[in-house]
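Student:
Protein chains: 2
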Amino acid sequence: MSRITIIDVANAAGVSIKTVSRVINREPNVRASMRAKVEAAIQSLGFIPNTAARSLAGTRSFVLGTIFDNPSPSYIVAMQRGAMIACRESGYHLTIEEIDIAAGDIAFQMEKMLATSRMDGVILSPPVTECEPVLDALEAKNLPYVRLTPVDFGRRSHAITINDSAAAAEVAGHLWDLGHRNFAVITGPASHGSSKLRLDGFIAGIIAKGGKAKQVRVVQGDFTFRSGMAVGRKLLEGKNRPTAIFASNDDMAAGVFSAAGQLDLKVPRDISIAGYDDSAIAELVWPSLTTIRQPITEMAAEAARLLIERRGEEAIHTVEMPYKMIVRQSTGPA
Amino acid sequence: MSRITIIDVANAAGVSIKTVSRVINREPNVRASMRAKVEAAIQSLGFIPNTAARSLAGTRSFVLGTIFDNPSPSYIVAMQRGAMIACRESGYHLTIEEIDIAAGDIAFQMEKMLATSRMDGVILSPPVTECEPVLDALEAKNLPYVRLTPVDFGRRSHAITINDSAAAAEVAGHLWDLGHRNFAVITGPASHGSSKLRLDGFIAGIIAKGGKAKQVRVVQGDFTFRSGMAVGRKLLEGKNRPTAIFASNDDMAAGVFSAAGQLDLKVPRDISIAGYDDSAIAELVWPSLTTIRQPITEMAAEAARLLIERRGEEAIHTVEMPYKMIVRQSTGPA
DNA sequence: ACCCATAAAGACAGCGTTGTCAATATATTG
DNA sequence: CAATATATTGACAACGCTGTCTTTATGGGT
Chain A
414 MSRITIIDVA NAAGVSIKTV SRVINREPNV RASMRAKVEA AIQSLGFIPN TAARSLAGTR
474 SFVLGTIFDN PSPSYIVAMQ RGAMIACRES GYHLTIEEID IAAGDIAFQM EKMLATSRMD
534 GVILSPPVTE CEPVLDALEA KNLPYVRLTP VDFGRRSHAI TINDSAAAAE VAGHLWDLGH
594 RNFAVITGPA SHGSSKLRLD GFIAGIIAKG GKAKQVRVVQ GDFTFRSGMA VGRKLLEGKN
654 RPTAIFASND DMAAGVFSAA GQLDLKVPRD ISIAGYDDSA IAELVWPSLT TIRQPITEMA
714 AEAARLLIER RGEEAIHTVE MPYKMIVRQS TGPA
Chain D
414 MSRITIIDVA NAAGVSIKTV SRVINREPNV RASMRAKVEA AIQSLGFIPN TAARSLAGTR
474 SFVLGTIFDN PSPSYIVAMQ RGAMIACRES GYHLTIEEID IAAGDIAFQM EKMLATSRMD
534 GVILSPPVTE CEPVLDALEA KNLPYVRLTP VDFGRRSHAI TINDSAAAAE VAGHLWDLGH
594 RNFAVITGPA SHGSSKLRLD GFIAGIIAKG GKAKQVRVVQ GDFTFRSGMA VGRKLLEGKN
654 RPTAIFASND DMAAGVFSAA GQLDLKVPRD ISIAGYDDSA IAELVWPSLT TIRQPITEMA
714 AEAARLLIER RGEEAIHTVE MPYKMIVRQS TGPA
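Top line first, the protein sequences correspond to chains A and D. For the first sequence, our numbering assigns the number 414 to the initial residue and increments by one for each residue that follows. For the second sequence, our numbering assigns the number 414 to the initial residue and increments by one for each residue that follows.
This is the structure we're talking about:
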């Protein structure tokens with residue numbers, strides 16, 4: 414049961430091992446007929462290249478990494494799943510590097526991580542995507558990275574994006590069409606680039622419908638359930654209560670639910686609530702939450718493929734993925 | 414900036430590379446003085462063994478795997494974090510293998526996975542821990558595995574356990590002490606071994622307090638929020654409403670919250686609710702949920718260490734980790 | 001046909017470890 | 001103290017692949 418090696422394939426196909434290697438690595442300058450022979454041999458023998466040998470002899474480690482800091486578990490799991498799928502397609506491994514960007518020593522954390530782990534590229538998810546010291550460290554090491562974020566601030570890097578503002582505008586339109594005219598938006602922290610995009614998009618959506626910016630009250634949360642509950646409570650208790658609230662993520666939206674419950678307001682009869690992310694909690698709350706779904710898994714897979722396939726390419730790629738508004742029961746007529 | 418190799422260390426320490434190798438791998442038959450010299454050289458040079466070379470030359474792949482099927486994201490993330498930490502300590506990688514045990518072709522899924530991925534050992538989490546075809550496949554390949562589960566059914570494998578019944582008994586005692594005498598338990602699916610343990614433990618806890626088994630009504634859910642809501646609603650609408658409900662996991666407990674809300678029952682005034690897992694949702698619901706916390710991260714780390722350190726050892730290890738009851742606001746006087 | 005540029009294929013030496021086996025030091029025994 | 005057992009070190013050949021360089025086809029222009 415000793416494993417099939419490149420030599421077995423070479424013998425079976427009647428070529429040199431180097432040619433087999435070329436086929437495996439999709440190198441140019443291989444005649445089609447040769448390629449076919451080799452591929453047939455690979456197939457029939459069930460040859461799987463030995464990753465350890467490949468990385469020892471070559472320049473790749475066949476390891477990608479994900480660097481993240483404490484977003485919601487459901488986001489992380491979805492992201493990792495996508496990255497894993499793409500990695501497995503190409504015999505790569507995925508390592509998981511959790512960092513703490515609130516800590517003062519990010520540069521140190523990064524240095525230590527990069528010194529001990531040998532990655533061919535990394536995938537960043539918010540809020541790490543906007544953490545300058547992390548990007549600096551990666552660029553200093555000349556390590557390719559892809560950011561999963563709509564926020565572009567001129568860094569030289571691939572990015573997988575969602576059109577956050579368009580999505581928020583769509584939510585705005587949905588609420589407008591339900592007859593709402595008095596809105597509130599709960600934004601995320603300013604450090605999170607998406608916060609502004611979603612807010613601006615929402616307002617743009619209202620204006621596109623013929624409304625005015627001043628119909629939209631703006632308050633700030635920090636993406637936690639707790640902040641949503643606190644801010645939501647203020648909004649709902651205050652005078653001139655909005656009839657529709659758009660929270661920039663689902664956790665905060667769930668917090669607003671809780672606040673509404675405490676004040677004996679019924680959703681969506683008394684107040685319509687929309688979120689963003691379509692995280693697990695969106696279906697757990699009652700009534701279930703209208704929200705925006707991002708194809709996180711697909712985005713991460715795309716990111717991994719970018720890192721795997723476009724090695725050494727100069728051009729920067731930005732891939733925009735589709736979002737989808739999921740209308741559930743938390744939004745209703747004004 | 415060419416990397417430090419074992420040869421550099423050998424030269425610096427004035428020994429052969431093989432001796433360095435022995436020190437790295439904690440092999441026996443190395444004099445203490447030698448070991449010290451080598452370790453000093455490793456330290457001062459900052460030597461990190463090349464994993465690719467090690468696995469090419471040796472018999473280890475330095476990769477562990479986690480096999481799971483769709484438990485809650487927070488559980489998965491916690492588990493992976495722990496396994497990752499332990500792996501990183503020893504230069505291992507962790508791969509993530511998601512399978513679908515409901516599908517009919519598990520044996521096939523496993524064969525494919527094991528053929529293409531090269532793991533030194535795997536960590537199983539519920540419900541995969543009790544999936545016979547998976548265990549069969551692993552044993553056929555002679556691949557070491559550790560199960561994170563309290564359920565033992567005589568398999569020859571390491572296990573990291575929590576005393577589920579004791580934990581459930583503690584919840585029962587807590588509720589009894591609050592004055593409750595009319596209980597309901599929502600169990601998980603029968604396929605999940607923990608379901609029975611938690612139920613039995615709860616009843617044992619009541620009996621230990623001087624109560625009787627018939628004071629505990631038993632209904633079955635399937636660990637989802639939805640099932641908790643449905644079953645909870647029936648319990649709360651029916652006659653002879655229990656004053657305290659113990660759900661076998663937090664998601665179902667949250668479902669009961671929702672049912673209570675729909676029926677205008679206040680928690681914990683009208684009904685006390687306790688869960689199990691201390692998942693993220695436990696702090697998201699209002700009022701926050703009394704539950705059992707398992708040190709999932711630590712359990713997974715321990716599992717990984719078992720696989721890494723006890724290679725080739727014959728003895729089966731079972732490690733019991735401590736649980737902790739977290740009393741929050743969802744449980745109150747009867 | 002002939003020559004040259006270029007494409008395609010092959011030969012071979014590492015890559016940085018560990019396994020095996022041989023060599024040497026140290027302990028134990030009578 | 002010699003002789004033997006045992007513990008400790010070392011030498012060196014793999015491990016399976018890719019990078020580099022060389023050799024051999026192929027095609028295009030006269």
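Glycine included, C-beta positions come from ideal geometry on N, C-alpha and C. No experiment lies behind these values; they were computed from the predicted model shown.
For D:Gln493, count neighbouring C-beta atoms within 10 Å of its own C-beta (all shown protein chains included) and say buried if the count is 16 or more, exposed if not.
Tutor: It is buried - the Cβ of D:Gln493 has at least 16 other Cβ atoms within 10 Å.
Student: Listed in chain order, which residues of the region 509-530 of chain A have Cβ atoms closer than 7 Å to some Cβ of chain D?
Tutor: Ile509, Glu511, Thr529
Student: What does DSSP give as the partner residue(s) for A:Phe636 in the beta ladder?
Tutor: Answer is none; A:Phe636 lacks a bridge partner.
Student: Whole beta strand (DSSP E) runs in the region 586-669 of chain A with 3 or more residues, listed along the chain?
Tutor: 596-600, 629-633, 657-660
Student: Considering only their Cβ atoms, is the gap separating D:Ala465 from A:Ala465 smaller than 7 Å?
Tutor: yes
Student: Ignoring anything shorter than 4 residues, give me the alpha helix (DSSP H) runs that lie fully in the region 485-550 of chain D, in order along the chain.
Tutor: 486-502, 519-529
Student: Can you check whether the C-beta of D:Leu697 is within less than 7 Å of a C-beta belonging to chain A?
Tutor: yes
Student: Hey, quick one: how far does the beta strand (DSSP E) through A:Ala716 stretch, first residue to last?
Tutor: Where A:Ala716 is concerned, there is no enclosing beta strand (DSSP E), although the alpha helix (DSSP H) it sits in stretches over 709-722.
Student: Determine the burial state of A:Arg467: buried for a count of at least 16 other Cβ atoms within 10 Å of its Cβ, exposed for fewer.
Tutor: Buried: at least 16 other Cβ atoms inside 10 Å.
Student: Could you check how far apart the C-beta atoms of A:Ile519 and A:Ile512 are, in whole angstroms? I think they sit under 8 Å.
Tutor: 7 Å
Student: Which same chain residues, not among the five before or five after D:Val476, have their C-beta less than 7 Å away from its C-beta?
Tutor: Tyr505, His506, Thr508, Arg531, Met532, Asp533
Student: Who are the Cβ neighbours of A:Asn662 in its own chain at under 7 Å, not counting the five residues just before and after it?
Tutor: Gly601, Phe636, Gly688, Tyr689, Asp690
Student: Could you please tell me which residues of the region 480-497 of chain D, in chain order, have their CB closer than 7 Å to any CB of chain A?
Tutor: Pro486, Ser487, Ile489, Val490, Gln493, Arg494, Met497
Student: Between A:Leu469 and chain D, is the shortest Cβ-Cβ distance under 7 Å, so that the two count as touching?
Tutor: yes
Student: List the residues of chain D that A:His506 touches, going by C-beta distances under 8 Å, in chain order.
Tutor: Val476, His506, Thr508
Student: By how many angstroms is the C-alpha of A:Glu524 removed from the C-alpha of A:Gln742?
Tutor: Straight-line measurement puts the Cα of A:Glu524 at about 47 Å from the Cα of A:Gln742.
Student: Helix, strand or coil: which one does DSSP assign to D:Asp690?
Tutor: In this structure, D:Asp690 counts as strand in the three-state DSSP scheme.
Student: Please list, in chain order, the chain D residues whose beta carbon lies closer than 7 Å to that of A:Ala693.
Tutor: Pro486
Student: A:Lys737 by DSSP, collapsed to three states: which one?
Tutor: Three-state DSSP puts A:Lys737 in a strand.
Student: Pull up the DSSP beta-bridge partners for A:Ala572, would you.
Tutor: Under DSSP, A:Ala572 takes part in a beta bridge, and its partners are A:Arg560, A:Thr731.
Student: Name the chain D residues that come within less than 8 Å of A:Phe638, Cβ to Cβ?
Tutor: Glu696, Leu697
Student: Can you name, in chain order, every residue of its own chain whose Cβ lies under 8 Å from the Cβ of A:Met734, other than the five neighbours on each side?
Tutor: Counting only Cβ-Cβ distances below 8 Å, and skipping sequence neighbours, we find Ile573, Thr574, Ile575, Gln707, Pro708, Glu711, Met712, Glu715.
Student: For a contact defined as C-beta to C-beta under 8 Å, what are the partners of A:Ile419 on chain D?
Tutor: Under the 8 Å cutoff, chain D gives no residues; its nearest Cβ is about 13 Å from A:Ile419.
Student: Under the criterion of a Cβ to heavy atom distance below 6 Å, does A:Ile619 qualify as lining the ligand SAH?
Tutor: Questions concerning the ligand SAH fall outside what the structure shown contains, since it holds no ligand whatsoever.
Student: Excluding five sequence neighbours on each side, which residues of the same chain lie with their C-beta closer than 8 Å to the C-beta of D:Ala579?
Tutor: These residues qualify, in order along the chain: Gly614, Tyr736.
Student: On the DSSP bridge assignment, give the partners of A:Thr703 in chain order.
Tutor: A:Ala687
Student: Is A:Gln456 buried or exposed, if buried means 16 or more other CB atoms sit within 10 Å of its CB?
Tutor: The residue in question, A:Gln456, is exposed, as its Cβ has fewer than 16 Cβ neighbours within 10 Å.
Student: Assign A:Val631 to one of two classes, buried (16 or more other C-beta atoms within 10 Å of its C-beta) or exposed (fewer than that).
Tutor: Label assigned to A:Val631: exposed.
Student: Counting only the same chain and skipping the five closest in sequence on each side, list residues whose C-beta sits under 7 Å from that of A:Ala672.
Tutor: Cβ within range, chain order: Met642, Gly645, Arg646, Leu649.
Student: Please confirm if the region 414-424 of chain D is in contact with the region 589-605 of chain A, defined as three or more CB-CB distances below 8 Å between the two stretches.
Tutor: no
Student: Given D:Val732, which residues of its chain have a CB within under 6 Å of its CB, disregarding the five upstream and five downstream residues?
Tutor: Ile573, Glu715
Student: A:Gly471 by DSSP, collapsed to three states: which one?
Tutor: A:Gly471: coil per DSSP, three-state reduction.
Student: Under 7 Å between the Cβ atoms of D:Leu537 and D:Ile480?
Tutor: yes
Student: Less than 7 Å between CB atoms is the rule here; does D:Ala714 satisfy it with respect to chain A?
Tutor: D:Ala714 has a beta carbon lying at 7 Å or more from every beta carbon in chain A.
Student: Counting C-beta neighbours from all protein chains within 10 Å, is the total for D:Ser640 16 or more, i.e. buried, or is it exposed?
Tutor: buried
Student: Using the beta-carbon of each residue, which ones in chain D are nearer than 9 Å to A:Ser671?
Tutor: Leu697, Val698, Trp699
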